[in-house]
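Shown next, in structure tokens, is the structure this report addresses.
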Amino acid sequence: MSGSVPESRSQSQPSHEPWDRFAMKALLVLTAMLILIGYGCARYRIGIDDQVSQCLPPYRWYLIDTFDRQSIKRDQLRAFAATEVMAPYFRREQTIIKRVAGIPGDQVSVTAEGTSINGVMQPQSDPALAKALGLSVADFLIDQLAIPEGFLWVMGATRDSFDSRYWRLLPENQVIGRAYALF
Numbered sequence: 001m002s003g004s005v006p007e008s009r010s011q012s013q014p015s016h017e018p019w020d021r022f023a024m025k026a027l028l029v030l031t032a033m034l035i036l037i038g039y040g041c042a043r044y045r046i047g048i049d050d051q052v053s054q055c056l057p058p059y060r061w062y063l064i065d066t067f068d069r070q071s072i073k074r075d076q077l078r079a080f081a082a083t084e085v086m087a088p089y090f091r092r093e094q095t096i097i098k099r100v101a102g103i104p105g106d107q108v109s110v111t112a113e114g115t116s117i118n119g120v121m122q123p124q125s126d127p128a129l130a131k132a133l134g135l136s137v138a139d140f141l142i143d144q145l146a147i148p149e150g151f152l153w154v155m156g157a158t159r160d161s162f163d164s165r166y167w168r169l170l171p172e173n174q175v176i177g178r179a180y181a182l183f
């Protein structure tokens with residue numbers, strides 16, 4: 001036997017972080033991830049337009065920011081909950097996405113030729129869907145309507161979009177959030 005001293009166990013094996021320290025770090029990371037995921041799920045929703053005839057082509061997928069319900073501006077996409085006046089096309093509480101075409105103070109008129117807001121004719125805005133509803137176009141004509149505070153005029157981008165031309169003003173308190181077209 002030579003005069004060498006046996007190596008201690010700690011010198012011969014790689015050092016590892018103690019299990020309790022690793023578990024604490026893992027728990028902190030997991031907690032942070034759950035908080036971020038919970039926040040994301042509470043704030044954002046995905047909307048999918050599964051209609052054969054889209055009202056906002058070419059988009060089918062939307063990100064809805066449910067925390068953005070204020071500062072509604074013209075031409076923004078907004079998600080809202082359908083009411084019974086939107087039947088037969090939408091179920092009550094179904095999430096709908098439309099473009100804000102008119103805001104409080106705007107003047108709206110609907111003629112057989114189309115819808116004008118503040119004197120500007122909106123594209124593809126004639127009430128062509130009236131016949132599909134089994135009603136006369138005359139049932140939906142508006143000579144002049146001033147949008148009051150707390151209400152919006154929302155529209156799709158196609159002639160056959162079921163929107164404010166048919167069910168009129170949307171109460172702002174029905175807005176779920178701002179929608180962003182994804183693809």
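Going by full-length UniProt numbering, the letters in the sequence shown line up with residues 1 to 183, in that order.
Idealized CB from N, CA, C, for every residue including glycine.
All figures in this text were calculated on a predicted structure; none of them were measured in a lab.
Among Val85, Phe183, Thr66, Tyr166, which has the Cα closest to the Cα of serine 109?
Tyr166
Spatial neighbours of aspartate 126 in its chain, beta-carbon cut-off 7 Å, leaving aside the 5 residues before and after:
Ala112, Glu113, Gly114, Arg159
Near aspartate 139, which residues of its chain fall below 8 Å by C-beta distance, leaving aside the five closest residues on each side in sequence?
If you ignore the 5 residues before and after aspartate 139, its C-beta comes within less than 8 Å of the C-beta of Ala130, all in its own chain and listed in chain order.
Expressed to the nearest angstrom, what Euclidean distance is found between the alpha-carbon atoms of aspartate 143 and arginine 43?
40 Å
Please classify phenylalanine 80: is it buried, with 16 or more other beta-carbons within 10 angstroms of its beta-carbon, or exposed?
buried
From Asp49, Val29, Pro88, Val52, residue whose alpha carbon lies closest to that of glycine 134:
When Asp49, Val29, Pro88, Val52 are compared, the shortest CA-CA separation from glycine 134 is found for Pro88.
Curious, which full-length alpha helix (DSSP H) runs of at least 4 residues does the region 43-94 contain?
none
Would you check whether the ligand SAM has a heavy atom nearer than 7 Å to the C-beta of asparagine 173?
Judged by which ligands are present, the structure shown has none, so any question about the ligand SAM falls away.
Using 10 angstroms around the beta-carbon of aspartate 75, count the other beta-carbons present and answer buried if the total reaches 16, otherwise exposed.
exposed
Count the other CB atoms, across all protein chains shown, that sit within 10 Å of the CB of phenylalanine 162; report buried if there are 16 or more and exposed otherwise.
buried
Inter-residue Cα distance where the pair is glutamine 51 and alanine 82
15 Å
Cα separation between glutamate 149 and isoleucine 46?
29 Å
Residue interval of the beta strand (DSSP E) (run including arginine 178):
175-181
Inter-residue CB distance, alanine 101 and isoleucine 117 (contact presumed, cutoff 8 Å)
6 Å
By alpha-carbon positions, which one of Ile72, Phe22, Asp65 ends up nearest to alanine 179?
Asp65
Looking only at its own chain, which residues have a Cβ that is under 8 Å from the Cβ of serine 53, when we skip the five neighbours before and after it?
Thr158, Asp160
Taking isoleucine 176 as the reference, give the member of Arg168, Gln94, Val120, Pro18 with the closest Cα.
Gln94
Looking at the strands, I want to know which residues DSSP matches up with threonine 115.
Val110
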